[in-house]
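Note sheet for the following structure.
Number of protein chains: 2
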Amino acid sequence: MNNFKLLGGIKIALLFIFMVFAANFYAQNKFGIIIHGGAGTINKENMSPEKEEAYKSKLGEALLTGYQVLENGGSSLDAVEAAIKIMEDSPLFNAGRGAVFTAEGTIELDVSIMDGKTLSAGAAAGLKHVKNPILLARKIMENSPHVMLMGEGAEKFAEEQNLEIVDQEYFFTKERWDALQRVKENEKKSKEKHGTVGAVALDKNGNIAAGTSTGGMTNKQWGRVGDSPIIGAGTYADNNTCGVSGTGHGEYFIRLGIAKDVSALMEYKNYNLQQAAEEVINKLTRLGGTGGIIALDKNGNIAMPFNTSGMYRAYYISGSEPVIKIYKE
Amino acid sequence: MNNFKLLGGIKIALLFIFMVFAANFYAQNKFGIIIHGGAGTINKENMSPEKEEAYKSKLGEALLTGYQVLENGGSSLDAVEAAIKIMEDSPLFNAGRGAVFTAEGTIELDVSIMDGKTLSAGAAAGLKHVKNPILLARKIMENSPHVMLMGEGAEKFAEEQNLEIVDQEYFFTKERWDALQRVKENEKKSKEKHGTVGAVALDKNGNIAAGTSTGGMTNKQWGRVGDSPIIGAGTYADNNTCGVSGTGHGEYFIRLGIAKDVSALMEYKNYNLQQAAEEVINKLTRLGGTGGIIALDKNGNIAMPFNTSGMYRAYYISGSEPVIKIYKE
Chain A
8 MNNFKLLGGI KIALLFIFMV FAANFYAQNK FGIIIHGGAG TINKENMSPE KEEAYKSKLG
68 EALLTGYQVL ENGGSSLDAV EAAIKIMEDS PLFNAGRGAV FTAEGTIELD VSIMDGKTLS
128 AGAAAGLKHV KNPILLARKI MENSPHVMLM GEGAEKFAEE QNLEIVDQEY FFTKERWDAL
188 QRVKENEKKS KEKHGTVGAV ALDKNGNIAA GTSTGGMTNK QWGRVGDSPI IGAGTYADNN
248 TCGVSGTGHG EYFIRLGIAK DVSALMEYKN YNLQQAAEEV INKLTRLGGT GGIIALDKNG
308 NIAMPFNTSG MYRAYYISGS EPVIKIYKE
Chain B
8 MNNFKLLGGI KIALLFIFMV FAANFYAQNK FGIIIHGGAG TINKENMSPE KEEAYKSKLG
68 EALLTGYQVL ENGGSSLDAV EAAIKIMEDS PLFNAGRGAV FTAEGTIELD VSIMDGKTLS
128 AGAAAGLKHV KNPILLARKI MENSPHVMLM GEGAEKFAEE QNLEIVDQEY FFTKERWDAL
188 QRVKENEKKS KEKHGTVGAV ALDKNGNIAA GTSTGGMTNK QWGRVGDSPI IGAGTYADNN
248 TCGVSGTGHG EYFIRLGIAK DVSALMEYKN YNLQQAAEEV INKLTRLGGT GGIIALDKNG
308 NIAMPFNTSG MYRAYYISGS EPVIKIYKE
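Residue numbers (this note's numbering), protein chains in the order written: chain A, 8 to 336; chain B, 8 to 336.
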């Protein structure tokens, strides 16, 4: 064998090693995002084609915006924040602008975000004037020694962090106001209490983040706090397992610790993501609660079980096409 | 063998079966209570004999009061409530009267309770005028459709439930005020932030309940909410596994979902109570947090690990003597 042949052989071997490495690298570095815009009584017969189109369009915008952050090498935290901000800004969802009203006719927002790399988290409850709660959750996580702030104190911190402060009027939508009047009239709360938004993302570095933002429950009283700002209930992320964001009857989500339970079932019982996600929704059903979750694991697998008639949801994982869904299938 | 001998044999056999059944019944129906008055930098050299005696005496009073509820056939919820109320009323602990001050010089109390039989729970954050937060947590659980209330809304509900409302002055103690000044001067927060109280009880019917009550962290800002009112973080109870109450650096307890993690390790990994409790405190240590937990399982086993120099703690399980401890052993 002469030196040229030897060199050629080495080159081919190196190329082969590189290809295996690249394939492996690619497989290990799937990235993507999954979002929800709330679960509840969402039936095709009650939905006009225009309304359905509006929801799909806004979900798509949030999804693509988050995905582009990841594609450009951005962090999962940035992707979650970007996707949720778009849904907060849209009056279609029960978060930020377009949030539901309390019994007193005010709007009180709850929010949380979690970083699966460090298990750091930020959350706030009872916000009345912070335009984008998800931005505040991130600031609490990164610029305060605390995880959770509430009410006026939280808003004072938001001001110190130079976040945009708005009047309550900013959040007002006629549709939610009418919903409050309907609920007050006939106490048909169950139809009106969902609509939370959330996102879970996995970035190119394998970091998972999750976030959830909501106006809570129509006609809520006494400073009610739901699951959305509760780390472990409405939101959880751990790079070793998965990220989760929930939407539904928050009291049940708190009692069952829904979001972290998905992670615990994966870590302690070796369930895969789908098994774990379905198991917690089964627990929710058994306890009498309604709602759904979105979940994304470290390998880019997704799950999005719910026990209501519909859940606004979408996902976009690298290597496959984006998917947007509303009804049960 | 004549009939008399046969009857005698049957009698002895029946007596034996009855004794086995009774012993088994007794073993299955252990009852008892475990309480804590906070974990932190608690060293014998810094503690006067009088102060030590005062703590032990008050812990003993809370313990015996809770135990008597159980002995008289009362529920674990009643026992937890009674024990915590005594510690809230005592200025020795950072809960109710004697709670620590916020940066603004106010007192803001957090609380939760959980029923392991139904997984029902009640919690409140940011209370300024409710004399006994633990009574409010119970009312929220039993008389509202919600799990968690905050701030003025929670206090409005407390008034509607005819709970005793007090001025902020009621909670004031000179010791805590001086602590705030010390912390503001030298930012030595770590020494001052513990002192939460909690209790877990198992009643004669096998029902487990857990509760936690606190003033939070000295010099806390911006409406900070700790782990004590967070179901799954500071408090958890499930008849199938155990009840848990935590005390320590709340942010870490929230991020790790400490209280429910003990239950999850027992349910999903078949850990016994001691293994599960120690594992979560190991996680706390690895993440850089300090504190401790008390835990009681459905068979009357107890665990009370902590990674600080001391934790005020006591337990009294049927069939054995009451135990009160302060320092590490």
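Glycine included, C-beta positions come from ideal geometry on N, C-alpha and C. Being a predicted model, the structure only gives us computed values, none of them experimental.
Residue nearest to ILE49 of chain A in terms of C-alpha spacing, selected from A:ASP304, A:LYS332, A:SER316
Your numbering for residue 49 of chain A matches position 42 in the first sequence. Out of A:ASP304, A:LYS332, A:SER316, A:SER316 has the C-alpha closest to the C-alpha of ILE49 of chain A.
In three-state terms, what does DSSP make of ALA216 of chain B?
By one-based count along the second sequence, residue 216 of chain B stands at place 209. ALA216 of chain B: strand per DSSP, three-state reduction.
With 7 Å as the threshold, decide whether the Cβ of ALA144 of chain B is near any Cβ in chain A.
In the second sequence, counting from the first residue as 1, residue 144 of chain B sits at position 137. With 7 Å as the cut-off, ALA144 of chain B does not count as an interface residue toward chain A.
Euclidean distance between Cα positions of GLU285 of chain A and TYR278 of chain A
In the first sequence, the residue the question calls residue 285 of chain A occupies position 278. In the first sequence, the residue the question calls residue 278 of chain A occupies position 271. C-alpha separation (whole angstroms): 10 Å.
According to DSSP, which residues form a beta bridge with ILE300 of chain A?
As a working mapping, residue 300 of chain A is identified with position 293 in the first sequence. DSSP, once it has assigned bridges, lists A:GLY253 as partnering ILE300 of chain A.
Which residues DSSP lists as bridging THR221 of chain B, in chain order
Position 214 of the second sequence holds residue 221 of chain B. Bridge partners of THR221 of chain B: B:ASP117.
Using a beta-carbon distance below 7 Å, is HIS153 of chain A in contact with chain B?
As a working note, residue 153 of chain A is residue 146 in the first sequence. So yes, HIS153 of chain A belongs to the interface.
Can you give me the Cβ contacts of GLY213 of chain B inside the same chain, cut-off strictly under 8 Å, excluding the 5 residues immediately before and after it?
Within the second sequence, numbered from 1, the residue matching residue 213 of chain B stands at position 206. For GLY213 of chain B, where only same-chain residues beyond five positions count, the Cβ hits under 8 Å are GLN35, ASN36, ASN246, LYS305.
Going residue by residue through the region 117 to 156 of chain A, where are the continuous beta strand (DSSP E) segments of at least 3 residues, counting only ones entirely within it?
127 to 134
Taking 7 Å as the cut-off, decide whether the C-beta atoms of GLY158 of chain B and LEU156 of chain A are in contact.
Mapped onto the second sequence, residue 158 of chain B falls at position 151. Mapped onto the first sequence, residue 156 of chain A falls at position 149. For GLY158 of chain B and LEU156 of chain A, no; Cβs fall outside 7 Å.
Could you please give the first and the last residue of the uninterrupted alpha helix (DSSP H) stretch that includes LYS181 of chain A?
Looking up residue 181 of chain A in the first sequence gives position 174. For LYS181 of chain A, the enclosing alpha helix (DSSP H) starts and ends at 181 to 193.
When DSSP builds the beta bridges, which residues end up paired with ARG320 of chain A?
By one-based count along the first sequence, residue 320 of chain A stands at place 313. Its beta-bridge partners are A:HIS43, A:LYS332.
At the 7 Å Cβ level, is GLU258 of chain B part of the contact set with chain A, yes or no?
Translated into the one-based positions of the second sequence, residue 258 of chain B becomes position 251. Output row for GLU258 of chain B: interface = yes.
May I ask you to verify whether the region 82 to 89 of chain B touches the region 104 to 113 of chain B, counting CB pairs closer than 8 Å and requiring at least 3?
no
8 Å contact criterion, which GLY239 of chain A and THR219 of chain A should meet: CB distance rounded
As a first step, residue 239 of chain A is located in the first sequence; it is residue number 232 there, counting from the start. As a first step, residue 219 of chain A is located in the first sequence; it is residue number 212 there, counting from the start. The pair is not a contact, with the Cβ atoms about 12 Å apart (cut-off 8 Å).
For chain A, check one thing: does any of its Cβ atoms lie closer than 7 Å to the Cβ of ALA271 of chain B?
Counting from 1 along the second sequence, the entry for residue 271 of chain B is found at position 264. Yes, its Cβ sits closer than 7 Å to a Cβ of chain A.
Cα-Cα separation, LYS332 of chain A to VAL207 of chain A:
Against the first sequence, residue 332 of chain A aligns to sequence position 325. Against the first sequence, residue 207 of chain A aligns to sequence position 200. Looking at the two C-alpha atoms, the distance is approximately 16 Å.
Among A:GLY16, A:ALA128, A:GLY133, which residue has its Cα nearest to the Cα of LYS146 of chain A?
Stepping through the first sequence from its first residue, residue 146 of chain A is reached at position 139. Per the Cα distances, A:ALA128.
Please list the terminal residues of the continuous alpha helix (DSSP H) segment that includes LEU272 of chain B.
Here residue 272 of chain B is taken as the residue at index 265 of the second sequence, counted from 1. Here the alpha helix (DSSP H) through LEU272 of chain B covers 265 to 276.
Please decide whether PHE178 of chain B counts as near chain A, where near means a Cβ-Cβ distance under 7 Å.
Translated into positions along the second sequence, residue 178 of chain B becomes position 171. Answer no: the Cβ-Cβ gap between PHE178 of chain B and chain A never drops below 7 Å.
Applying the criterion that 16 or more other CB atoms from any shown protein chain within 10 Å of the CB defines a buried residue, is ASN79 of chain B buried or exposed?
Indexing the second sequence from 1 puts residue 79 of chain B at position 72. Result: exposed.
Under the DSSP definition of a beta bridge, which residues are partnered with VAL204 of chain B?
What you label residue 204 of chain B is simply residue 197 of the second sequence in a count that begins at 1. The partner list for VAL204 of chain B (beta bridge, DSSP) reads B:SER220.
Report yes or no: is there a C-beta of chain B within less than 7 Å of the C-beta of VAL232 of chain A?
Indexing the first sequence from 1 puts residue 232 of chain A at position 225. By this cut-off, VAL232 of chain A is an interface position.
Give the single residue among B:LYS211, B:ILE215, B:PHE108, B:LEU272 whose Cα lies nearest to the Cα of ASN226 of chain B.
For the purposes of this step, residue 226 of chain B is taken as the residue at position 219 of the second sequence. Cα-wise, what sits closest to ASN226 of chain B is B:PHE108.
Starting from the C-beta of ALA110 of chain B, find all residues in its chain whose C-beta is less than 6 Å away, skip the five residues before and the five after it, and write them out in chain order.
Walking along the second sequence from the start, residue 110 of chain B turns up at place 103. Excluding sequence neighbours, ALA110 of chain B sits near ASN226, GLN228.
In the region 230 to 254 of chain B, which residues sit with their C-beta less than 7 Å from some C-beta in chain A, listed in chain order?
GLY230, ARG231, VAL232, ILE237, ILE238, GLY239, ALA240
Between the CA atoms of MET148 of chain B and GLU182 of chain B - distance to the nearest angstrom
What you label residue 182 of chain B is simply residue 175 of the second sequence in a count that begins at 1. What you label residue 148 of chain B is simply residue 141 of the second sequence in a count that begins at 1. Cα to Cα, GLU182 of chain B sits roughly 33 Å from MET148 of chain B.
Taking all protein chains shown into account, do 16 or more other C-beta atoms lie within 10 angstroms of the C-beta of ILE24 of chain B, making it buried, or fewer, making it exposed?
Working through the second sequence from its first residue, we reach residue 24 of chain B at position 17. By the neighbour-count rule (16 or more Cβ atoms within 10 Å), ILE24 of chain B is not buried but exposed.
Residue-level contact to chain A via CB, LYS276 of chain B, 7 Å cutoff
Within the second sequence, numbered from 1, the residue matching residue 276 of chain B stands at position 269. True, the Cβ-Cβ gap to chain A drops below 7 Å.
Using a Cβ cut-off of 7 Å (strictly closer), state whether MET157 of chain A contacts chain B.
Locating residue 157 of chain A in the first sequence gives position 150, where the first residue counts as 1. Judged by the 7 Å Cβ criterion, MET157 of chain A is in contact with chain B.
Tell me ALA310 of chain A's beta-bridge partners as DSSP assigns them.
Locating residue 310 of chain A in the first sequence gives position 303, counting from the first residue. Looking at the DSSP assignment, ALA310 of chain A forms a beta bridge with A:ALA302.
Can a CB atom of chain B be found closer than 7 Å to the CB of ALA161 of chain A?
Translated into the one-based positions of the first sequence, residue 161 of chain A becomes position 154. It does; some Cβ of chain B falls within 7 Å.
Which parts of the region 46 to 125 of chain B are runs of the beta strand (DSSP E), unbroken and 3 residues or longer, counting only runs that do not cross its ends?
116 to 122
Continuous alpha helix (DSSP H) stretch holding THR242 of chain A: start and end:
The count along the first sequence starts at 1 and reaches residue 242 of chain A at position 235. No alpha helix (DSSP H) holds THR242 of chain A; the beta strand (DSSP E) holding it covers 242 to 244.
Show which residues of chain B have a CB atom less than 9 Å away from the CB atom of ILE300 of chain A.
Here residue 300 of chain A refers to the residue found at position 293 of the first sequence. Neighbourhood of ILE300 of chain A in chain B, by CB distance below 9 Å: empty, with the nearest CB roughly 16 Å away.
What are the residues of the region 202 to 215 of chain B that lie near chain A, defined by any Cβ-Cβ distance shorter than 8 Å?
none
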